[in-house]
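What follows is a set of notes on a single structure, which appears directly below.
Next up, the structure:
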């Protein structure tokens, strides 16, 4: 298995749907991240989990709900999204959430909200 | 505020030639890390190279090397002997002491045959 995997790779949903994005890391890391990548903008950090505890939430709307059931899995639950939420959602992991530890990324989920 | 600036939205280079991508950053911290990530059309964000701020020696990884100028807060990436597979978006990133990774807006590099 490659380091960080994400499913699905593509997702189209209506504004009233509920869906979930899944991330799994096979690197034995203890920190996991969700990023949003919109066109022509830098990556935006959404959530950080360290040892399964949420340690950062960067003013993300409540229609995005993260879940980290164990150190290998991270979910992003989506409900009543808006068209402006269409973006590439990237998951990353690192050994710990400290300056010396490199983050490794998954391939992303391309989300389109109709 | 800590920021990363990539002033070249797009660049192109002929295959086998050398290209340099620019990056500047702003921080008051003294101990931090800098990264270049590559994102090809497949969208996978791949680590290219990383530099520790307290190391004066520039990092190298095969055809990739950096020119790290700490006083100038500059961190450029040089790609030698460019290959078609180097075509990608390149992101410069800064990791602060709190472990937060801050990205620039990216430079889209096209390698032409």
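Protein chains in written order, with the working numbering: chain W, 9 to 122; chain L, 457 to 569. The C-beta atom is built at its ideal place from N, Cα and C for all residues, glycine as well. It should be emphasised that the depicted structure is a prediction, and the values quoted were computed from it without experimental measurement.
DSSP state of residue i mapped onto helix, strand, coil
| i | result |
| --- | --- |
| residue 122/W | coil |
| residue 32/W | strand |
Beta carbon proximity, residue i to chain W, threshold 8 Å
| i | result |
| --- | --- |
| residue 488/L | yes |
| residue 455/L | Outside the displayed span of chain L (457 to 569) sits residue 455/L, for which this structure offers no information. |
| residue 521/L | no |
| residue 565/L | no |
| residue 555/L | yes |
| residue 501/L | yes |
| residue 498/L | yes |
| residue 541/L | no |
| residue 559/L | yes |
Close-in-space but distant-in-sequence residues of the same chain around residue i (CB under 7 Å, 5 per side omitted)
| i | result |
| --- | --- |
| residue 87/W | 26 and 71 |
| residue 11/W | 33, 34, 35 and 112 |
| residue 75/W | 83 and 85 |
| residue 561/L | 462 |
| residue 465/L | 563 and 564 |
Close beta carbons around residue i, own chain, < 6 Å, minus the five adjacent residues each side
| i | result |
| --- | --- |
| residue 85/W | 28 and 73 |
| residue 480/L | 461, 529 and 530 |
| residue 476/L | 532 and 534 |
| residue 469/L | 475, 538 and 567 |
| residue 22/W | 122 |
| residue 120/W | 20 and 94 |
| residue 38/W | 59, 79 and 104 |
| residue 501/L | 493 and 495 |
is_contact[residue i, chain L] using C-beta, thresh 8 Å
| i | result |
| --- | --- |
| residue 110/W | yes |
| residue 22/W | no |
| residue 74/W | no |
| residue 11/W | no |
| residue 121/W | no |
| residue 113/W | yes |
| residue 16/W | no |
Residue i - partner residues in DSSP beta bridges
| i | result |
| --- | --- |
| residue 517/L | 520/L |
| residue 82/W | 31/W |
| residue 23/W | None, per the DSSP bridge assignment. |
| residue 470/L | 568/L |
| residue 14/W | 31/W |
| residue 571/L | Since the first residue of chain L shown is 457 and the last is 569, residue 571/L is not available in this structure. |
| residue 563/L | 546/L |
Own chain, CB closer than 8 Å to residue i, minus 5 neighbours either side, in chain order
| i | result |
| --- | --- |
| residue 551/L | 488, 489, 490, 491, 557 and 558 |
| residue 17/W | 115, 116, 117 and 118 |
| residue 64/W | 53, 55 and 56 |
| residue 483/L | 458, 529, 550 and 552 |
| residue 471/L | 538, 539, 540, 567, 568 and 569 |
Distance cut-off 7 Å: residue i Cβ against heavy atoms of the ligand NAD
| i | result |
| --- | --- |
| residue 21/W | Although the ligand NAD was asked about, the structure shown includes no ligands whatsoever. |
Q: List in chain order: all unbroken beta strand (DSSP E) runs of 3+ residues lying wholly within the stretch 477 to 540 of chain L.
A: 480 to 482, 489 to 495, 502 to 508, 520 to 525 and 530 to 535
Q) Which parts of the stretch 44 to 119 of chain W are runs of the beta strand (DSSP E), unbroken and 3 residues or longer, counting only runs that do not cross its ends? A) 52 to 58, 61 to 65, 72 to 78, 81 to 87 and 95 to 102
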